[in-house]
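Chemist:
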Amino acid sequence: MAITDEDKKYWKEDKAGEALYLHKLAVKQNFRGMGISSELINYAKKITIISGIKSLKLDCNADRLKLRNIYQNNGFELVETIYMDNNYKMALYVMDVT
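First residue of the sequence shown: 0, per numbering that gives the first Met the number 0; consecutive thereafter.
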């Protein structure tokens, strides 16, 4: 998992300090289904709160329904679905941590 303070590729309009961005959340196959994804998301949420930032955002492939369900079940809300080069569909999510 990576947490960054900007994501100009998908969140171009965001101003510095407005949000943190969650990237590359991955759990090895042998450890899936144990709640580790939720723990990582909760950790990212705590980092966001400690940083005094109000939103945690992420993007993922819109066709990865299991992954999207994990995000939605952990409090992320779909903002929009966008199409990138070659009709690659991305889902953009946000979580208000206040």
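Cβ atoms here follow ideal geometry from the backbone N, Cα and C, with glycine treated the same way.
Measuring only the C-alpha atoms, how far is K45 from Y9?
Modeler: Here residue 45 is taken as the residue at index 46 of the sequence shown, counted from 1. Here residue 9 is taken as the residue at index 10 of the sequence shown, counted from 1. Rounded to the nearest angstrom, the two C-alpha atoms are 23 Å apart.
Chemist: Where E17 and I2 are concerned, what is the direct C-alpha to C-alpha distance, given to the nearest angstrom?
Modeler: Numbered from its first residue, the sequence shown carries residue 17 at position 18. Numbered from its first residue, the sequence shown carries residue 2 at position 3. If I take the Cα positions, the gap works out to 14 Å.
Chemist: Who are the Cβ neighbours of K11 in its own chain at under 6 Å, not counting the five residues just before and after it?
Modeler: Taking the first residue of the sequence shown as position 1, residue 11 is located at position 12. Closer than 6 Å at Cβ, skipping near neighbours: no residue.
Chemist: For H22, tell me which candidate among Q28, E5, M0 has the shortest Cα-Cα distance.
Modeler: Indexing the sequence shown from 1 puts residue 22 at position 23. With distances taken between Cα atoms, H22 lies closest to M0.
Chemist: With a threshold of 16 other CB atoms inside 10 Å of the CB of D58, please say whether the residue is buried or exposed.
Modeler: Within the sequence shown, the letter at position 59 stands for residue 58. By the neighbour-count rule (16 or more Cβ atoms within 10 Å), D58 is buried.
Chemist: For V78, which residues of its own chain have a beta-carbon under 7 Å away from its beta-carbon, when the five flanking residues on both sides are left out?
Modeler: Within the sequence shown, numbered from 1, the residue matching residue 78 stands at position 79. Correct list, in chain order: L91, Y92, V93.
Chemist: Would you mind sorting F75 into buried or exposed? The rule is 16 or more other CB atoms within 10 Å of its CB.
Modeler: Taking the first residue of the sequence shown as position 1, residue 75 is located at position 76. Buried, since its Cβ has 16 or more Cβ neighbours within 10 Å.
Chemist: Count the other CB atoms within 10 Å of the CB of K56; is the residue buried (16 or more) or exposed (fewer)?
Modeler: Here residue 56 refers to the residue found at position 57 of the sequence shown. With 16 or more other CB atoms across the displayed protein chains lying within 10 angstroms of its CB, K56 is buried.
Chemist: Taking the beta strand (DSSP E) that Y92 falls in, what are its first and last residues?
Modeler: Numbered from its first residue, the sequence shown carries residue 92 at position 93. Its beta strand (DSSP E) spans residues 88-95.
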